[in-house]
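Following: one structure in structure tokens, then a few remarks.
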Ligand code: PMP
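Numbering (full-length UniProt numbering), first residue to last: 1 to 403.
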């Protein structure tokens, strides 16, 4: 058999994040001790009261198909949450529950993009977006952000990228991988660009609770005109430590939510009935567990920023949200060591893995080739150990200007 694959799938690049996760698992199974700073999930367990709701769902027999769009009860719980936390008013018909926020993003893009459309995408960005956009036949148009400005978005630059082909702006706030948090004024200005040029906004707010400082508004809450064109994406993975439960959601204009439901009806149908049931409990309140987690992330964030800044040759912009830190490692490009040369961030990441067993994500995955991304969704003790190991590994290298 000649296993001819579709042009569509052959056009996809392998997902570096998933490959790295697999590699870590294989190495660990072979007995290698590693500190994984590549993980994009909270290290906390799912709060017990939510876990109990999941068990209750199974025992009660909430184990059947549900409506494709999600049960009425969980969609109502999302509406209540949106009203309480985001000052957003939606009815259950304007909400879809998805298998993780990732599916919500994919459904949204598939619902609004045509061949050759352009989607404005600030970079550095989550590694999945460019391929997800390309998979619809549209093209990502990157909008660079500056590390010197802590990766804040320059609205004029964004506006200058709009063409007659632009269909949407894809925003992540707070941002993965940079931890940048866009403030109200910037969000409003972005919203006005969308209104002026009749564009959709896809607002991925999966890290909304993980902000260390002033809380950020949802862009859709800033004006009715902006709301009318915004698809807000969120989910339970990060805020409630529920990555494995695979529950996300989107709210937005009725025609788009209906289109997303049609797509979902032909791919996965409803997300897990058990996950949906537990989500009702999770969404009831912001929860002490969320606040506890955020407090703990903030301690680690401050620790990591301080330590990284003190390591020779490394620098990092400030990060005010999510649980990631971008570290500029480009001063080590060109460094030579016994087994090879560090030419780029991939080599740098490999060097840390090989020499001291610290796993980091190369910035190439986020369109940020000078950087690596560190996740601080791991214990302070592990971070302390990782910092010491990174320091030791880099002390063996000569930086470019020292060669
Ligand atoms: N959006 C962003 C920006 C993310 O970082 C992630 C997870 N890494 C997701 C969406 C997907 O989350 P979920 O687990 O809900 O699919």
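Virtual Cβ for every residue (Gly too), placed ideally from N, Cα, C.
Where residue i falls, given that 16 or more other Cβ within 10 Å makes a residue buried
i           : result
residue 48  : exposed
residue 276 : buried
residue 14  : exposed
residue 244 : exposed
residue 266 : exposed
residue 3   : exposed
residue 52  : exposed
residue 227 : buried
residue 18  : exposed
residue 278 : buried
residue 250 : buried
residue 1   : exposed
residue 9   : exposed
residue 175 : buried
residue 72  : exposed
residue 272 : buried
residue 118 : buried
residue 97  : buried
residue 375 : buried
residue 107 : buried
residue 40  : buried
DSSP state of residue i mapped onto helix, strand, coil
i           : result
residue 323 : coil
residue 261 : helix
residue 200 : strand
residue 248 : strand
residue 71  : coil
residue 207 : coil
residue 363 : helix
residue 314 : coil
residue 36  : strand
residue 186 : helix
residue 46  : coil
residue 406 : Missing from the structure shown is residue 406; the chain here goes from 1 to 403 and no further.
residue 167 : strand
residue 243 : helix
residue 216 : coil
residue 328 : strand
residue 157 : helix
residue 120 : strand
residue 338 : coil
residue 145 : coil
residue 297 : helix
residue 162 : coil
residue 267 : helix
residue 375 : strand
residue 95  : strand
residue 370 : coil
residue 281 : helix
residue 26  : helix
Top-ranked residue by Cα proximity to residue i, from the options
i           : options               : result
residue 285 : 79, 188 and 39        : 79
residue 369 : 326, 340 and 390      : 326
residue 33  : 382, 395 and 10       : 382
residue 268 : 66, 176, 179 and 321  : 66
residue 329 : 343, 7 and 201        : 343
residue 93  : 260, 5 and 85         : 260
residue 158 : 144, 164, 149 and 165 : 144
residue 50  : 97, 290, 227 and 1    : 290
residue 215 : 151, 223, 148 and 294 : 294
residue 12  : 308, 223 and 133      : 133
residue 116 : 208, 378, 166 and 151 : 166
residue 303 : 323, 313 and 312      : 323
residue 104 : 231, 321, 242 and 192 : 231
residue 70  : 392, 310, 199 and 262 : 262
residue 339 : 155, 183, 397 and 151 : 397
residue 367 : 146, 62 and 45        : 146
residue 310 : 375, 388, 356 and 273 : 388
residue 378 : 43, 27, 110 and 6     : 43
residue 81  : 271, 239, 363 and 292 : 239
residue 264 : 220, 180, 111 and 72  : 111
residue 191 : 213, 149, 209 and 153 : 153
residue 199 : 120, 235 and 150      : 120
residue 320 : 222, 301, 138 and 83  : 301
residue 160 : 136, 131, 149 and 197 : 197
residue 181 : 288, 364, 270 and 212 : 212
residue 410 : 20, 5 and 7           : No information on residue 410 is available, as it lies outside the stretch 1 to 403 that the chain covers here.
residue 256 : 75, 28, 95 and 25     : 95
Within 5 Å of ligand 3: residues by beta-carbon to any heavy atom: Questions concerning ligand 3 fall outside what the structure shown contains, since the ligands it does hold are ligand 1.
Sufficient close CB pairs (3 or more, under 8 Å) joining the stretch 183 to 190 to the stretch 332 to 341: no
Any 3 or more C-beta pairs closer than 8 Å across the stretch 167 to 180 and the stretch 201 to 219: yes
Touch test, the stretch 346 to 360 against the stretch 387 to 398, Cβ-Cβ under 8 Å, three pairs minimum: yes
Cβ contact (3+ pairs, closer than 8 Å) linking the stretch 80 to 89 and the stretch 124 to 133: no
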